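A.B. asks: Protein chains in written order, with this note's numbering: chain A, 1 to 351; chain B, 352 to 484. Dropping the structure in here first, questions after.
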Amino acid sequence: MASLQDIRRRIRSVKNTQQVTKAMKMISAVKLRKSQERLLSMRPFSSMLHNIIGQVVARFEADTEFAENSLAQAFFQPREEKNIHLVIIASDKGLCGGFNANLLKAVEAFFQEHSDQITRYYLSHTHNSDLSDTGLSSNKLDFLTGLKAARLSNSNSSTPAVVSQQSSSFDIGSLQKLGEGDIDVIGRRASEWAKKIGITPTFESVSLNPNDYKDVARKIAQRAAQEYSTGEIDALYAIYNYFTSAVSQTPRVVRIFPLQEIPQATAIQYLLEPDMDTVFNELLPQYIETELYRALLESSTSEHAARMAAMDKATSNAGEMIDSLTLHMNKVRQAAITNQIIEVVSGAAIS
Amino acid sequence: MDDSIQLEVVTPEGKVFSSDVSELQFPTAFRGYYGILPDHTPVLTPLGDGLISCLHNGKKTVLTVFGGFAEVGPDHVKILARESETASSLDREAITKKLSDAENAVKSSITYEDQQKIQAVISACKLRLHALE
């Protein structure tokens, strides 16, 4: 049985932990409020931009002359999604409940469905064995394809089940195709995940300050718009935690463009200055940037909310633990006192 | 009112400016400045970097703007700016300091990308200082 001293020490340490979680909860609450304000203040901008897009699209549809414009497809004519680009937004830090775990689960599900479209450079099964036949070192193979190369070489060499454990969520079919991926990762958790799976992201951003969200969004948006117009990618997806409320955040897969639904607007005969192509050219990156910016804000708001809930739970758990430890301590102390009294009494009885 | 335009300037961070004005100017991305008077024909155009100036009861107000879109209607102008601030919210000292920092940094920067970035900061600072004059 633990001594009184041990239990006291234990209670003290739990109390310290409780103080930390309480402080973290309060910090998260403040950050959540700030983040939520940002999210709210972006709404007018977002809805006005949607309105403008609605106008331009309505205008575009009325005007058959421009029907061949390829950029315009981004807004209302999705083309076949051969290559897609994915932006994963997770958090840098943990201690926020299932925030990252749920998100990455969604990402993995998405990958299983779309692995063909998402990676631009991959080695197929046959290529792989060709390469090993031509004497490419297994190191090189590992480098090229990460985990699944090792997994594949199981057949000819003997890299045992360690690898398959790590990659348990992937079937072998999808594993063959990883490598350099058409993904952007934001947040340390997402970047670690990509490393674990063996994908080299196109763009990576960790320890991002909320003030830099716009710059990052802009960077990704401009590149995506560029790649869309040259036909390198056919769609841009984002996976992030959507802020439903302070108690509920759900991972969401969103196709940022082509638009999932086109805002409807009655066409006013706007003059498009200088011309329609230019307007589209400007509107597309602006739109992507705004949507990504919103995704980043949603994600950070969700993160703070999730952390606040997790820390609240941790604080109350610590409280419960302290209560039961205190009870236990009192019992132990009482037992010791009773023991001593018995000793004294029986000692007196003998003499 | 027939002779006023409802001007709204909105950024992703929130509403920057909203008022009835009698005339205004804003910078477009490709064709210099646009001057707007009431009953203008509806126009949709991308914005460049520059200064928005508007007249309100004979008083001139200046705002900075960095990219975005403008939607002009007969009785309203909506400006969706990537970044925008009113001249009165600018802090001259902070900007001057940022400008001199950037001008020092441009000498020590090596890569082309860095230089471009710093140049953008410098021109933004200059534009803001211009807005204060």
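Backbone N, C-alpha and C define an ideal beta-carbon position, used for all residues, glycine too. Just so we're clear, the structure is a prediction, and the values are computed from it rather than from any experiment.
What number of angstroms, rounded off, separates the C-alpha of GLY187 of chain A from the C-alpha of SER205 of chain A?
C.D. replies: Indexing the first sequence from 1 puts residue 187 of chain A at position 187. Indexing the first sequence from 1 puts residue 205 of chain A at position 205. Answer to the nearest angstrom: the Cα atoms are 6 Å apart.
A.B. asks: Which word fits THR396 of chain B, buried or exposed, when buried means at least 16 other C-beta atoms lie within 10 angstroms of its C-beta?
C.D. replies: Counting from one through the second sequence, the residue named residue 396 of chain B turns up at place 45. Result: buried.
A.B. asks: What are the partner residues of GLY386 of chain B, as DSSP defines its beta bridges?
C.D. replies: Walking along the second sequence from the start, residue 386 of chain B turns up at place 35. Answer is B:GLN376, bridged to GLY386 of chain B.
A.B. asks: Contact check, PHE417 of chain B vs ALA482 of chain B under 8 Å by CB: the rounded distance?
C.D. replies: Position 66 of the second sequence holds residue 417 of chain B. Position 131 of the second sequence holds residue 482 of chain B. The pair is not a contact, with the Cβ atoms about 12 Å apart (cut-off 8 Å).
A.B. asks: Looking only at its own chain, which residues have a Cβ that is under 7 Å from the Cβ of SER28 of chain A, when we skip the five neighbours before and after it?
C.D. replies: As a first step, residue 28 of chain A must be located in the first sequence, where it is residue number 28. For SER28 of chain A, where only same-chain residues beyond five positions count, the Cβ hits under 7 Å are HIS304, ARG307, MET308 and MET311.
A.B. asks: Going by other Cβ atoms of all chains shown within 10 Å of its Cβ, with 16 needed for buried, is ARG382 of chain B buried or exposed?
C.D. replies: Within the second sequence, residue 382 of chain B is the residue found at index 31, counting from 1. Under this definition ARG382 of chain B is an exposed residue.
A.B. asks: Pairs of beta-carbons, one from the stretch 408-427 of chain B and one from the stretch 322-337 of chain A, closer than 8 Å: are there three or more?
C.D. replies: They do not touch, by the three-pair rule.
A.B. asks: What's the gap between the Cα of LEU327 of chain A and the Cα of ARG9 of chain A?
C.D. replies: As a first step, residue 327 of chain A is located in the first sequence; it is residue number 327 there, counting from the start. As a first step, residue 9 of chain A is located in the first sequence; it is residue number 9 there, counting from the start. Those two C-alpha atoms are separated by around 14 Å.
A.B. asks: Under 8 Å, do VAL394 of chain B and TYR270 of chain A count as touching if we go by C-beta distance?
C.D. replies: Within the second sequence, residue 394 of chain B is the residue found at index 43, counting from 1. Within the first sequence, residue 270 of chain A is the residue found at index 270, counting from 1. Taking 8 Å as the Cβ cut-off, VAL394 of chain B and TYR270 of chain A qualify as a contacting pair.
A.B. asks: State the start and end residues of the unbroken beta strand (DSSP E) segment that holds GLU405 of chain B.
C.D. replies: Taking the second sequence and counting its residues from 1, the one referred to as residue 405 of chain B is at position 54. In the sequence under discussion, the amino acid at residue 405 of chain B is Cys, which differs from the Glu named in the question. Unbroken beta strand (DSSP E) run through CYS405 of chain B: 394-407.
A.B. asks: Nearest-angstrom Cα distance between LEU49 of chain A and ILE288 of chain A?
C.D. replies: Within the first sequence, the letter at position 49 stands for residue 49 of chain A. Within the first sequence, the letter at position 288 stands for residue 288 of chain A. So the two alpha carbons sit approximately 11 Å from each other.
A.B. asks: Within the same chain, show all residues whose beta-carbon is closer than 6 Å to that of ASP354 of chain B, passing over the 5 residues directly before and after it, in chain order.
C.D. replies: Translated into positions along the second sequence, residue 354 of chain B becomes position 3. Within the same chain, ASP354 of chain B has close Cβ partners PRO389.
A.B. asks: Between SER41 of chain A and chain B, is any beta-carbon pair separated by less than 8 Å?
C.D. replies: Position 41 of the first sequence, counted from the start, is the residue given in the question as residue 41 of chain A. SER41 of chain A counts as touching chain B.
A.B. asks: Residues of the stretch 267-279 of chain A in Cβ contact with chain B at a cutoff of 8 Å, in chain order, please.
C.D. replies: Within the stretch 267-279 of chain A, the qualifying residues are ILE268, GLN269, TYR270, LEU271, LEU272, GLU273, PRO274, THR278 and VAL279.
A.B. asks: So what does DSSP say about TYR240 of chain A, is it helix, strand or coil?
C.D. replies: The count along the first sequence starts at 1 and reaches residue 240 of chain A at position 240. Strand at TYR240 of chain A.
A.B. asks: What whole-angstrom Cβ distance do GLU81 of chain A and ASP182 of chain A have, given they're in contact under 8 Å?
C.D. replies: Within the first sequence, the letter at position 81 stands for residue 81 of chain A. Within the first sequence, the letter at position 182 stands for residue 182 of chain A. That pair is no contact at about 12 Å.
A.B. asks: Can you tell me whether PHE143 of chain A is buried or exposed, with buried defined as 16 or more other CB within 10 angstroms of its CB?
C.D. replies: Start at 1 with the first residue of the first sequence, and residue 143 of chain A comes out as number 143. Caution applies to PHE143 of chain A, whose pLDDT of 36 falls short of 50 and renders its modelled position unreliable; the value that the coordinates give is listed next. PHE143 of chain A should be labelled exposed.
A.B. asks: Taking the C-alpha atoms as reference points, what is the distance between ASP277 of chain A and GLU434 of chain B?
C.D. replies: By one-based count along the first sequence, residue 277 of chain A stands at place 277. By one-based count along the second sequence, residue 434 of chain B stands at place 83. Those two C-alpha atoms are separated by around 24 Å.
A.B. asks: Look at the alpha carbon of ASP212 of chain A and the alpha carbon of LYS34 of chain A, and state the distance between them as a whole number of angstroms.
C.D. replies: Here residue 212 of chain A corresponds to residue number 212 of the first sequence, with the count starting at 1. Here residue 34 of chain A corresponds to residue number 34 of the first sequence, with the count starting at 1. Roughly 15 Å between the two C-alpha positions.
A.B. asks: Touch check for the stretch 257-264 of chain A and the stretch 94-106 of chain A: three-plus C-beta pairs under 8 Å?
C.D. replies: Output reads no: the stretch 94-106 of chain A does not touch the stretch 257-264 of chain A.
A.B. asks: Starting from GLY365 of chain B, find everything on chain A with Cβ-Cβ shorter than 7 Å and list it in chain order.
C.D. replies: Against the second sequence, residue 365 of chain B aligns to sequence position 14. The contacting residues are SER41.
A.B. asks: CB LEU86 of chain A to CB THR301 of chain A, shorter than 8 Å?
C.D. replies: The residue given as residue 86 of chain A occupies position 86 in the first sequence. The residue given as residue 301 of chain A occupies position 301 in the first sequence. Going by C-beta atoms, LEU86 of chain A is not nearer than 8 Å to THR301 of chain A.
A.B. asks: State the DSSP-derived secondary structure class of VAL279 of chain A, mapped to helix, strand or coil.
C.D. replies: The count along the first sequence starts at 1 and reaches residue 279 of chain A at position 279. DSSP places VAL279 of chain A in helix when its eight states are reduced to three.
A.B. asks: Could you please tell me which residues of the stretch 200-216 of chain A, in chain order, have their CB closer than 8 Å to any CB of chain B?
C.D. replies: So the list reads LYS214, given in the order they occur along the chain.
A.B. asks: Do we get a CB-CB distance below 8 Å when we pair PHE60 of chain A with the residues of chain B?
C.D. replies: Here residue 60 of chain A refers to the residue found at position 60 when the first sequence is read from its first residue. Not closer than 8 Å to any Cβ of chain B, the Cβ of PHE60 of chain A fails to qualify, so no.
A.B. asks: Can a CB atom of chain A be found closer than 8 Å to the CB of ALA453 of chain B?
C.D. replies: Stepping through the second sequence from its first residue, residue 453 of chain B is reached at position 102. It does not; no Cβ of chain A falls within 8 Å.
A.B. asks: With 8 Å set as the bound, which would you pick, yes or no: does the beta-carbon of LYS448 of chain B sit closer than that to a beta-carbon of chain A?
C.D. replies: Working through the second sequence from its first residue, we reach residue 448 of chain B at position 97. Cβ-Cβ to chain A under 8 Å: no for LYS448 of chain B.
A.B. asks: Buried or exposed: where does SER440 of chain B fall if 16 or more other Cβ atoms within 10 Å of its Cβ makes it buried?
C.D. replies: As a working mapping, residue 440 of chain B is identified with position 89 in the second sequence. The residue is exposed, with fewer than 16 neighbouring Cβ atoms inside 10 Å.
A.B. asks: Please compile the residues from chain B whose C-beta is within a distance smaller than 9 Å of the C-beta of ILE357 of chain A.
C.D. replies: Since the first and last residues shown for chain A are 1 and 351, residue 357 of chain A lies out of range.
A.B. asks: Once DSSP output is grouped into helix, strand and coil, what is the label at GLU359 of chain B?
C.D. replies: Within the second sequence, residue 359 of chain B is the residue found at index 8, counting from 1. Strand at GLU359 of chain B.
A.B. asks: Taking 8 Å as the cut-off, decide whether the C-beta atoms of ILE381 of chain A and TYR237 of chain A are in contact.
C.D. replies: Residue 381 of chain A cannot be examined here, being either before or after the span of chain A that is shown, 1 to 351.
A.B. asks: Can you tell me whether GLN249 of chain A is helix, strand or coil according to DSSP?
C.D. replies: Reading the first sequence from its first residue, position 249 is the one you call residue 249 of chain A. Residue state, collapsed to three classes: strand.
A.B. asks: Provide the residue(s) that pair with GLY365 of chain B in DSSP beta bridges, ordered along the chain.
C.D. replies: The sequence position of residue 365 of chain B within the second sequence is 14, counting from 1. Note: GLY365 of chain B sits in a beta bridge opposite B:THR362.
A.B. asks: Determine the direct distance from the alpha carbon of GLU232 of chain A to that of GLU282 of chain A, and round the result to whole angstroms.
C.D. replies: Reading the first sequence from its first residue, position 282 is the one you call residue 282 of chain A. Reading the first sequence from its first residue, position 232 is the one you call residue 232 of chain A. Whole-angstrom Cα-Cα distance: 19 Å.
A.B. asks: To test your reading of the DSSP string, which unbroken beta strand (DSSP E) runs of 3 or more residues are found completely within the stretch 176-230 of chain A?
C.D. replies: Counting whole runs of 3 or more residues, the stretch 176-230 of chain A contains the beta strand (DSSP E) stretches 179-181, 183-186 and 203-205.
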